[in-house]
Amino acid sequence: HVPFPYEFSTMLFAVNSALHKYLNPANTRVESKDEFLSLTHVPKQDFELWDAVNTAKEKYREGIVGKLSGYKKRWTPEDVSKSMQKMIIRLKEGQQRALWLSQTGIAPTYFYFNADGYYQKESKEQPVPYHTAFDTIVTSFEMPSILPLFLEGPVRQMKILDSTEEKRQVHDDVLGSTLYDSKLGLYLISESLEGQPITIGRMMAFPPGWLENQSVWTHMSYKYYLELIRAGLYDEFFTAIKTGLVPFMNAKV
Numbered sequence: 009h010v011p012f013p014y015e016f017s018t019m020l021f022a023v024n025s026a027l028h029k030y031l032n033p034a035n036t037r038v039e040s041k042d043e044f045l046s047l048t049h050v051p052k053q054d055f056e057l058w059d060a061v062n063t064a065k066e067k068y069r070e071g072i073v074g075k076l077s078g079y080k081k082r083w084t085p086e087d088v089s090k091s092m093q094k095m096i097i098r099l100k101e102g103q104q105r106a107l108w109l110s111q112t113g114i115a116p117t118y119f120y121f122n123a124d125g126y127y128q129k130e131s132k133e134q135p136v137p138y139h140t141a142f143d144t145i146v147t148s149f150e151m152p153s154i155l156p157l158f159l160e161g162p163v164r165q166m167k168i169l170d171s172t173e174e175k176r177q178v179h180d181d182v183l184g185s186t187l188y189d190s191k192l193g194l195y196l197i198s199e200s201l202e203g204q205p206i207t208i209g210r211m212m213a214f215p216p217g218w219l220e221n222q223s224v225w226t227h228m229s230y231k232y233y234l235e236l237i238r239a240g241l242y243d244e245f246f247t248a249i250k251t252g253l254v255p256f257m258n259a260k261v
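If you're matching positions, the sequence shown starts at 9 in this note's numbering and goes up one per residue.
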């Protein structure tokens with residue numbers, strides 16, 4: 009889920025700045041857009057990070073089942089700042105990659121990954137129906153496939169952009185996309201999901217125009233209008249609400 013890292017990185021930056029510590033930035037490999045888009049598989053260092061993070065989470069969850077150990081570890085402000093610097097760099101890198109994959113200027117909301125390298129763990133225990141995937145060890149992923157745009161993406165994207173002009177560009181890109189129904193003057197929750205795999209979830213069970221599949225969700229549109237105000241795009245906001253806010257809608261339609 010892409011939007012969460014946008015706001016999480018902003019939170020990390022704010023907390024890290026409050027620590028008033030100036031550390032050397034963490035090492036990170038700089039890559040170009042063309043280099044990234046030419047990849048066929050998730051880079052080894054990214055896969056290893058994913059594997060290490062998820063292994064740590066699994067061990068942590070196993071360790072707190074039933075009761076907590078009571079073990080405590082003291083972290084200094086320097087420790088916290090150093091970790092946050094690494095997290096900020098990683099999240100910013102991911103945000104840039106997401107925009108490269110989108111190629112629209114609009115932040116995507118969802119990706120899915122196909123595992124093309126994996127093996128089954130040997131187990132003496134009888135497999136549990138519907139849980140055999142837990143015995144599968146993934147060794148590599150193909151590069152992510154991007155789902156059609158959802159309105160949630162640009163809503164979160166505008167929250168962290170610095171300039172009004174950057175936010176206006178995102179809004180212009182949204183207006184030029186199929187997230188905006190120009191005939192109705194309304195914003196859709198998503199672009200067309202036609203052709204997407206059923207494995208992405210329940211949204212594929214709905215016909216176009218229903219729930220998460222290309223419908224007009226009032227609360228989602230209102231979130232977008234709110235970001236227009238926060239961005240200082242007042243003219244754009246008042247244009248949008250003429251057809252988007254419920255009090256201005258034709259009750260006969």
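Glycine included, each C-beta is placed from N, C-alpha and C at the ideal position.
Self-check item: Three-state secondary structure assigned by DSSP to TYR68
Solution: Stepping through the sequence shown from its first residue, residue 68 is reached at position 60. TYR68 falls in the helix class under three-state DSSP.
Practice problem: Using the Cα positions of LYS65 and GLU160, report the straight-line distance between them to the nearest angstrom. | Solution: Numbered from its first residue, the sequence shown carries residue 65 at position 57. Numbered from its first residue, the sequence shown carries residue 160 at position 152. Each residue's alpha carbon lies about 27 Å from the other.
Quiz item: Which same chain residues, not among the five before or five after ILE249, have their C-beta less than 8 Å away from its C-beta?
Solution: Here residue 249 refers to the residue found at position 241 of the sequence shown. Closer than 8 Å at the Cβ level, and outside the excluded window around ILE249, lie TYR233, PHE256.
Quiz item: Considering ALA248, what are the terminal residues of the alpha helix (DSSP H) in which it resides?
Solution: Position 240 of the sequence shown, counted from the start, is the residue given in the question as residue 248. Unbroken alpha helix (DSSP H) run through ALA248: 242-252.
Self-check item: PRO33 - DSSP class collapsed to helix/strand/coil
Solution: Taking the first residue of the sequence shown as 1, we reach residue 33 at position 25. With a pLDDT of only 48 at PRO33, under 50, the local geometry of the prediction cannot be trusted, and the value read off the model is given with reservation. If DSSP states are grouped into helix, strand and coil, PRO33 belongs with coil.
Self-check item: Chain-order list of residues whose beta-carbon lies under 8 Å from that of LYS215 (same chain, five-residue window excluded)
Solution: The residue labelled residue 215 in the question sits at position 207 within the sequence shown. For the sequence presented, residue 215 should be read as Pro rather than Lys. Same-chain partners within the cutoff: ASN221.
Quiz prompt | Continuous alpha helix (DSSP H) stretch holding SER229: start and end | solution = Translated into positions along the sequence shown, residue 229 becomes position 221. Where SER229 is concerned, the enclosing alpha helix (DSSP H) stretches over 226-238.
Quiz item: Between which two residues does the alpha helix (DSSP H) harbouring ALA148 extend?
Solution: For the purposes of this step, residue 148 is identified with residue 140 of the sequence shown, where counting begins at 1. Reading off the sequence, residue 148 comes out as Ser, not Ala. Counting along the chain, SER148 falls outside any alpha helix (DSSP H), though it belongs to the beta strand (DSSP E) covering 144-149.
Self-check item: Segments of 4+ residues assigned as alpha helix (DSSP H) that fall wholly inside the segment 42-123
Solution: 52-71, 85-110
Quiz item: Within 10 angstroms of its Cβ, does GLY184 collect 16 or more other Cβ (buried), or is it exposed?
Solution: Stepping through the sequence shown from its first residue, residue 184 is reached at position 176. The residue is exposed, with fewer than 16 neighbouring Cβ atoms inside 10 Å.
Quiz prompt | Assigned exposure category for PRO116 - 16 Cβ within 10 Å defines buried | solution = One-based indexing of the sequence shown puts residue 116 at position 108. By the neighbour-count rule (16 or more Cβ atoms within 10 Å), PRO116 is buried.
Quiz item: With a CB to CB cut of under 8 Å and the five nearest residues on each side skipped, what residues in its chain are close to ASP124?
Solution: Indexing the sequence shown from 1 puts residue 124 at position 116. Excluding residues within five positions, the ones whose Cβ falls inside 8 Å are HIS49, SER148, PHE149, GLU150.
Self-check item: Pick from LEU20, LEU241, TYR79, LYS52 that is closest to GLU174, judged by C-alpha positions
Solution: What you label residue 174 is simply residue 166 of the sequence shown in a count that begins at 1. When only C-alpha atoms are compared, the closest one is LEU241.
Practice problem: Please go through the same chain and pick out, in chain order, the residues whose beta-carbon is closer than 7 Å to the beta-carbon of LYS41, but skip the five residues on each side of it. | Solution: As a first step, residue 41 is located in the sequence shown; it is residue number 33 there, counting from the start. Closer than 7 Å at Cβ, skipping near neighbours: TRP108.
Exercise. Over the uninterrupted alpha helix (DSSP H) stretch that includes ARG176, give me the two end residues.
Key: Within the sequence shown, residue 176 is the residue found at index 168, counting from 1. Counting along the chain, the alpha helix (DSSP H) containing ARG176 begins and ends at 172-183.
Exercise. Run the CB neighbour count on HIS227, radius 10 Å, all protein chains shown included, and call it buried at 16 or more, exposed below.
Key: For the purposes of this step, residue 227 is taken as residue 219 along the sequence shown, with counting starting at 1. The residue is exposed, with fewer than 16 neighbouring Cβ atoms inside 10 Å.
Quiz prompt | GLY193 - DSSP class collapsed to helix/strand/coil | solution = Your numbering for residue 193 matches position 185 in the sequence shown. Here GLY193 sits in coil by DSSP.
Exercise. Following the continuous alpha helix (DSSP H) through GLU160, name the residue where it begins and the one where it ends.
Key: For the purposes of this step, residue 160 is identified with residue 152 of the sequence shown, where counting begins at 1. Residues 160-168.
Practice problem: Check whether the Cβ of ARG210 lies closer than 9 Å to any Cβ atom in chain B. | Solution: Absence of chain B from the displayed structure is noted, only one protein chain being present.
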